[in-house]
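When you line the sequence shown up against this note's numbering, it's residues 643 to 731, in that order.
The beta-carbon is built from N, C-alpha and C at its ideal position, and this holds for glycine as well.
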Amino acid sequence: MSDDHPHAAIARRLKRANGHLETIVEMIEQGRPCAQIAQQLQAVESAIESAKKALIHDHIGHSLEDTLKAGGPKGRAVLRDFRLIAKYL
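This is the structure in structure tokens:
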């Protein structure tokens, strides 16, 4: 996947989260305190959630935008409202 691919940034986020997760596995194997491990797991969960939201917003922006823009100002208003509500996914 090239850097200009629409999902390249999302793939980079997930690769970082994957690397972080591998570090967490090492922490568990080393017997690190549970509170430290839980904190790091929360960071990985947040990173994955962020990547999911970015993917959904990208989909909205690219896949639905053309269809809704064809509907003129009303279509753009629907798209704007949909983007607003989608941030709560």
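Keeping to the same chain, check which residues put their C-beta closer than 6 Å to that of residue i; ignore five residues upstream and five downstream.
i, result
"residue 669", "679"
Under three-state DSSP, which class holds residue i?
i, result
"residue 649", "coil"
"residue 729", "coil"
"residue 673", "coil"
"residue 717", "helix"
Whose C-beta lies closer than 7 Å to the C-beta of residue i among residues of the same chain, with five residues either side of it excluded?
i, result
"residue 728", "698, 699, 702"
"residue 683", "666"
Measuring straight from C-alpha to C-alpha, what distance separates residue i and residue j?
i, j, result
"residue 690", "residue 713", "34 Å"
Taking C-beta to C-beta, are residue i and residue j nearer than 8 Å?
i, j, result
"residue 706", "residue 721", "yes"
"residue 655", "residue 692", "yes"
Only counting the same chain, and skipping five residues up and downstream in sequence, which positions put a Cβ closer than 8 Å to that of residue i?
i, result
"residue 659", "686, 689, 690, 693"
"residue 696", "651, 652, 655"
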